[in-house]
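A.B. asks: Residue numbers for the sequence shown follow this note's numbering, beginning at 1 and rising by one.
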Amino acid sequence: MHPRIDNHFSLAPAAIKAMMTLETAIAASGLDNTLIGLIKLRASQINGCAYCIHMHAEHLRQAGETEMRLYLLSAWREAPIYTDRERAVLGWTEALTLLPQNGAADEDYAEIAAHFSPEEQVNLTLAIGAINAWNRLQVGFRIQPVVKEAQHAA
1 MHPRIDNHFS LAPAAIKAMM TLETAIAASG LDNTLIGLIK LRASQINGCA
51 YCIHMHAEHL RQAGETEMRL YLLSAWREAP IYTDRERAVL GWTEALTLLP
101 QNGAADEDYA EIAAHFSPEE QVNLTLAIGA INAWNRLQVG FRIQPVVKEA
151 QHAA
């Protein structure tokens with residue numbers, strides 16, 4: 001599989017700069033970096049974005065996340081190793097990433113509202129929207145991760 005467009009970010013510099021400004025604001029919002037990383041990885045899993053899955057798994061690993069929590073993320077509802085706050089975030093991430101199927105159900109909102117202030121809810125929702133936009137860029141233009149040879153299975 002080859003990219004559909006080379007250097008796609010360079011073709012819309014003002015929009016990419018705006019997306020990066022949004023990422024900076026989310027990072028400065030006071031939200032826990034692990035929560036933001038879990039949002040990015042889970043949405044990327046749902047969207048099938050290999051580039052973003054690779055990048056965000058690496059970022060989480062570098063930040064000290066355990067391999068087991070990375071492995072079990074796609075089955076977080078059945079895995080007892082996530083906190084209630086993480087579960088609320090993961091549920092909200094899935095609800096908004098799968099918006100046409102789920103419609104941001106009241107149950108998912110109640111969970112996020114039980115664990116986060118209104119300001120945090122807005123910042124979490126912006127983080128979910130941002131990663132979904134990045135996923136659509138990378139998947140839409142068939143951007144593949146750069147995987148080191150040592151990471152390839154024989």
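By construction, the Cβ of each residue, glycine as well, lies at the ideal position given by its N, Cα and C atoms. Fair warning: this is a prediction, and the values are worked out from it, not measured in the lab.
1. Hey, is the region 94 to 102 in contact with the region 30 to 46, meaning 3+ C-beta pairs nearer than 8 Å?
2. Take ILE16 and list the residues in its own chain whose beta-carbon comes closer than 7 Å to its own, dropping the five residues that flank it on each side.
3. Can you say whether ARG42 is buried or exposed, counting buried as having 16 or more other CB atoms within 10 angstroms of its CB?
4. Is the region 114 to 134 close to the region 20 to 31, with three or more CB pairs under 8 Å?
5. Is there a C-beta anywhere in chain D that falls below 7 Å from the one on MET19?
6. On the DSSP letters alone, give me the boundaries of the alpha helix (DSSP H) that THR83 sits inside.
7. Which residue comes first and which comes last in the alpha helix (DSSP H) that contains MET55?
8. Among residues of its own chain, excluding the 5 on either side of ARG85, which ones have a beta-carbon nearer than 6 Å to its beta-carbon?
9. With distance defined between alpha-carbon atoms, name the residue in PRO13, LEU38, ILE53 and ILE26 nearest to VAL146.
10. Any idea if ILE81 is buried or exposed, counting beta-carbon neighbours within 10 angstroms, 16 or more meaning buried?
11. What is the residue span of the alpha helix (DSSP H) that TRP134 lies within?
12. Are ILE26 and ALA104 close, meaning C-beta to C-beta below 7 Å?
13. Could you tell me how far apart the beta carbons of ALA88 and GLU111 are, in whole angstroms, since I believe they sit closer than 8 Å?
14. Give the single residue among ALA28, GLY129 and ASP32 whose Cα lies nearest to the Cα of GLU181.
C.D. replies: Answer, in terms of the structure:
1. Inter-segment contact for the region 94 to 102 and the region 30 to 46 is present: three or more beta-carbon pairs are separated by less than 8 Å.
2. Here residue 16 refers to the residue found at position 16 when the sequence shown is read from its first residue. Hits under 7 Å: PHE9.
3. Sequence index remark: in the sequence shown, residue 42 carries index 42 (1-based). Burial call: buried.
4. The region 114 to 134 is in contact with the region 20 to 31.
5. This model lacks chain D altogether, as it is built from one protein chain only.
6. As a first step, residue 83 is located in the sequence shown; it is residue number 83 there, counting from the start. Note, THR83: premise wrong, no alpha helix (DSSP H); not H, not E.
7. Locating residue 55 in the sequence shown gives position 55, counting from the first residue. Element bounds for MET55: 50 to 62.
8. Taking the first residue of the sequence shown as 1, we reach residue 85 at position 85. Counting only Cβ-Cβ distances below 6 Å, and skipping sequence neighbours, we find HIS115.
9. Working through the sequence shown from its first residue, we reach residue 146 at position 146. A check of alpha carbon separations from VAL146 across PRO13, LEU38, ILE53 and ILE26 identifies ILE53 as the nearest.
10. Taking the first residue of the sequence shown as position 1, residue 81 is located at position 81. With fewer than 16 other Cβ atoms within 10 Å, it is exposed.
11. Stepping through the sequence shown from its first residue, residue 134 is reached at position 134. Residues 118 to 140.
12. Taking the sequence shown and counting its residues from 1, one reaches residue 26 at position 26. Taking the sequence shown and counting its residues from 1, one reaches residue 104 at position 104. No, Cβ-Cβ distance for ILE26 and ALA104 is not below 7 Å.
13. Along the sequence shown, one-based indexing puts residue 88 at 88. Along the sequence shown, one-based indexing puts residue 111 at 111. The distance from the Cβ of ALA88 to that of GLU111 is about 4 Å, consistent with a contact at the 8 Å cut-off.
14. With the chain running from 1 to 154 in the structure shown, residue 181 is simply not present.
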